[in-house]
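Beneath this line is the structure, given in structure tokens, with notes to follow.
Residue numbers (the numbering used here): 94 to 344.
Following this line, the structure appears as structure tokens:
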């Protein structure tokens, strides 16, 4: 827009027609390789695919044919003013995930009919050095560790360990055959692990607790993997009696 020389009468008015971005995209990466992000949510503001019935947080929502359920438009909730919520039902407790939210657009499509739209999507930046985006910037990728709050101090669900048995090359991604997690712990818990002969192999204090979880890497003080065996664990809790259980390791 440009203006020439001279004055403009006070009564002069004009309007601008500007294009907004097309919609939002939600991306998810896993802890070991956060740059490998998968498109898990796609919301087109101009074509919101409202024919998907319900909200994705409700497992009973219905997919209507030709509504492109893979875009998961029903997973967005706009019920709170000024807030957009996305529900992801494909994640698991005890794992690290990375999320980023981008805008997307098709560029200048003012003269293109929606039925003939074939332009490639342009995305805003997810993280520094993002090769998918044509734009710079830091992006907004954020780490998210999935866990529930600590259990009740005096009462709560039964404590257990998983995976149990722990098998070679199985279990948590990136620590297959090594990591066990104790679940449903109240605040301030301590977990001690012993051999059947009573030798202590690990002593995990409250500083290692994450909400209701306590991770344990099954290595000894020298960094060697513990041998296949049955191990006894003892959970000490400030407001409960001690809890005992077993973990089986199969190498």
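In this text, a Cβ means the ideal position worked out from N, Cα and C, and glycines have one as well.
Judged by DSSP in its simplified three-state form, residue 269 adopts coil rather than helix or strand.
In this structure, 188 is the residue among 188, 315, 336 with its C-alpha nearest to the C-alpha of residue 272. Here the region 256-271 makes contact with the region 301-321; the two share three or more CB pairs at distances below 8 Å.
The closest CA to that of residue 234, considering only 199, 195, 114, 331, is found on 195. By the Cβ criterion, the region 239-257 is in contact with the region 279-293, since at least three pairs of Cβ atoms, one from each stretch, lie closer than 8 Å. At a Cβ-Cβ threshold of 7 Å, residue 254 and residue 275 count as neighbours. If you draw a straight line from the Cα of residue 170 to the Cα of residue 176, it comes to about 8 Å.
A residue is called buried once 16 or more other Cβ atoms fall within 10 Å of its Cβ, and residue 219 is buried on that count.
The beta carbon of residue 297 is closer than 7 Å to those of 283, 284, 307, 309 in its chain, skipping five residues each way along the sequence.
Straight through space, the alpha carbons of residue 115 and residue 172 are spaced by roughly 20 Å. Just measuring C-alpha positions, the residue of 330, 127, 100, 198 sitting nearest residue 249 is 330. Cα atoms of residue 107 and residue 199: separation of roughly 27 Å, rounded to the nearest angstrom. A direct Cα-Cα distance of roughly 31 Å separates residue 302 from residue 231.
Each of 183, 294, 292, 128 was checked against the Cα of residue 221, and the nearest Cα belongs to 128.
With distances taken between CA atoms, residue 258 lies nearest to 344 out of 288, 102, 333, 344.
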